[in-house]
Amino acid sequence: MCLGVMMTFLLITATISALSAIQADLRVSPSALIWIPSAYTLVVASLVLSAGTLGNLLGRKRMFCVGVVVMIAGGLLAATAGTTAMVIAAQLVAGLGGSLILPNSLAILGATFTDPHRRTEVITAWAASSGIGLAVGPLLAGVLLDHSSWHAVFVSTAVLGVITLLVAVPFAAESLARGERLDVAGALLGTVTIAGLVYALIQGGQDGYTATPVLAAWIVAVIGAVAFVAVELRVAAPMLDVRLFASRSFSAVMVIAAVALFGFTGVAVLVVMFYNNVQHLNALDTSWRMLPLFGVYVVTAFLTGRLIRRTGFKAPLTAGLLLGALAVLGLTTVGPATSYSHVWPLFVLFGGACGTVIAPSTAAALVSVAPERAGMASGAVNTARQVGAVMGTALLGSLLAGRVTADLPHQLAAHGIPVAARAPVEQAVASGTTSTTSPSGAVRTAIEDAFTSGVHAGLAVVAALFFAAPVLALTSIHNRPHQNGTLMPAPTTAPTAS
Numbered sequence: 010m011c012l013g014v015m016m017t018f019l020l021i022t023a024t025i026s027a028l029s030a031i032q033a034d035l036r037v038s039p040s041a042l043i044w045i046p047s048a049y050t051l052v053v054a055s056l057v058l059s060a061g062t063l064g065n066l067l068g069r070k071r072m073f074c075v076g077v078v079v080m081i082a083g084g085l086l087a088a089t090a091g092t093t094a095m096v097i098a099a100q101l102v103a104g105l106g107g108s109l110i111l112p113n114s115l116a117i118l119g120a121t122f123t124d125p126h127r128r129t130e131v132i133t134a135w136a137a138s139s140g141i142g143l144a145v146g147p148l149l150a151g152v153l154l155d156h157s158s159w160h161a162v163f164v165s166t167a168v169l170g171v172i173t174l175l176v177a178v179p180f181a182a183e184s185l186a187r188g189e190r191l192d193v194a195g196a197l198l199g200t201v202t203i204a205g206l207v208y209a210l211i212q213g214g215q216d217g218y219t220a221t222p223v224l225a226a227w228i229v230a231v232i233g234a235v236a237f238v239a240v241e242l243r244v245a246a247p248m249l250d251v252r253l254f255a256s257r258s259f260s261a262v263m264v265i266a267a268v269a270l271f272g273f274t275g276v277a278v279l280v281v282m283f284y285n286n287v288q289h290l291n292a293l294d295t296s297w298r299m300l301p302l303f304g305v306y307v308v309t310a311f312l313t314g315r316l317i318r319r320t321g322f323k324a325p326l327t328a329g330l331l332l333g334a335l336a337v338l339g340l341t342t343v344g345p346a347t348s349y350s351h352v353w354p355l356f357v358l359f360g361g362a363c364g365t366v367i368a369p370s371t372a373a374a375l376v377s378v379a380p381e382r383a384g385m386a387s388g389a390v391n392t393a394r395q396v397g398a399v400m401g402t403a404l405l406g407s408l409l410a411g412r413v414t415a416d417l418p419h420q421l422a423a424h425g426i427p428v429a430a431r432a433p434v435e436q437a438v439a440s441g442t443t444s445t446t447s448p449s450g451a452v453r454t455a456i457e458d459a460f461t462s463g464v465h466a467g468l469a470v471v472a473a474l475f476f477a478a479p480v481l482a483l484t485s486i487h488n489r490p491h492q493n494g495t496l497m498p499a500p501t502t503a504p505t506a507s
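Numbering-wise (the numbering used here), the sequence shown opens with residue 10 and increments by one.
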């Protein structure tokens, strides 16, 4: 189960680290490039709740293994892709596999280890594995890109999937949950709603938020959301009981969980784009520089899960969000000539801040609802995080691409580039072919400044959200991990540390 969940999160950061290599090889436009990581998290976010129900019905081990096989297929499809459309399609396939792996791996552990103390130990290991996957992804991608093409990054997913199956098939135990029913209508409407929203955000940043296709996507998202709520209120076994949101604490936790992963994945994308396009580092050098961000995130999430019994929820949530906002504000001062010695303490601070938010947000979600709804609440907070992750890559990546396109003409003029020479440069940046044209001198500096401006704009959005979210933590969330007067075991709230 740990290998499976590690694979699902490794793919996220490995893909982000490979974006520049993919762009250079396939000449991907900045707006289309954002779809490559977003496609994977989009499917996971849309299907993770219904995938858990499917495992309860058909067998958790069976669905876990199916998920691994599907991820292997997605990795092999991406490894043989020759076009941007094929890479995105492969990521959609891999996302389907990831959505089956995540909820069923945790359910298998819960059913297999019945002793509460032993269960706490294995769930903590499960949570750490997701963080390890996030941390290892950039390093693995960097090493592979240093010796091979970007296709090798996706081959690694298939290899890890085969290893996972070799262990899971003989050793994992099968389990079922009687009486479950699959909410087909809810799954379809949820998928359509999230897909419409993400499409509108990505394309809106490139084409404008009032463009006809973007407006159509907004309408689809709104209608889908209304229909989803209506259906979930009427079905006997809803995928997500929307009545849970009547709890002010639960609603606040969902927002904070989404904001945390929005910032974490969004900053990761912005940092990769900055190092690749502004400081012109290769994937391996970029990965080493990002290691403090991911490593400290893993350690802090684990430690905070053990401390919330003493601190309650509000203190770590508030402190983590505020420290994260300060760290991101510090990153907005980074420019083309900034040395790494100035940046790594900010990575440490931001990784620790995000890790501090993870375990308390999970625990707070569980105690905000009735005990019989704890499983659904855990799935909901996981979904909120996945939605936050896809929004982080989609919205901030789209904002970056739009800001670069808008600011580049001004930067070219400011650096004295003749009018006749500006159009080819703008076209090269828009189509993602600057690596083949190899600009130099003033043109290169203008492109670097435009990218820096775009990165800073995205970081400013993250900082604003991280400054606003503590208000919800202080005013809406229940502070102590109590349920019906009984202290809940804090370490078991760490399973969704990703």
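No residue lacks a Cβ here, since even glycine has one placed at the ideal position from N, Cα and C.
- Our two residues, glycine 361 and alanine 277, have alpha carbons roughly 14 Å apart in a direct line.
- Judged by DSSP in its simplified three-state form, proline 46 adopts helix.
- Scanning its chain for C-beta atoms nearer than 7 Å, with the 5 sequence neighbours on each side dropped, one finds around glycine 344 the residues Thr461, in chain order.
- When Met10, Thr22, Ser26 and Leu19 are compared, the shortest CA-CA separation from asparagine 291 is found for Ser26.
- Here glutamine 395 is buried. Its C-beta has 16 or more other C-beta atoms within 10 Å.
- One alpha carbon belongs to isoleucine 232, the other to alanine 239, and they sit about 11 Å apart.
- Residue range 292-320 is occupied by the alpha helix (DSSP H) that includes arginine 318.
- Contact between phenylalanine 237 and glycine 199 holds, since their C-beta atoms are separated by about 6 Å, short of 8 Å.
- The beta carbons of leucine 340 and leucine 468 sit closer together than 8 Å.
- The segment 428-440 and the segment 305-316 do not touch, with fewer than three beta-carbon pairs separated by less than 8 Å.
- For arginine 190, the three-state secondary structure derived from DSSP is coil.
- For the pair phenylalanine 163 and alanine 246, the CB atoms are not nearer than the 8 Å cut-off.
- Two segments are said to touch when three or more pairs of C-beta atoms, one from each, lie closer than 8 Å; by this definition the segment 39-53 touches the segment 398-416.
- Counting the other CB atoms within 10 Å of its CB gives aspartate 155 a total below 16, which places it among the exposed residues.
- In the structure shown, the three-state DSSP call for threonine 219 is coil.
- Annotated three-state conformation of arginine 257 is helix, per DSSP.
- In the DSSP assignment, leucine 118 falls within the unbroken alpha helix (DSSP H) covering 93-121.
- Inclusion of alanine 455 and histidine 424 in the CB contact set at 8 Å is warranted, their separation being smaller than that value.
- Residue burial annotation: valine 145 is buried, with at least 16 other C-beta atoms found within 10 angstroms of its C-beta.
- In this structure, DSSP gives glutamate 457 a helical state, which the three-state scheme calls helix.
- In this chain, glutamine 288 is not harboured by any alpha helix (DSSP H), its DSSP state being neither H nor E.
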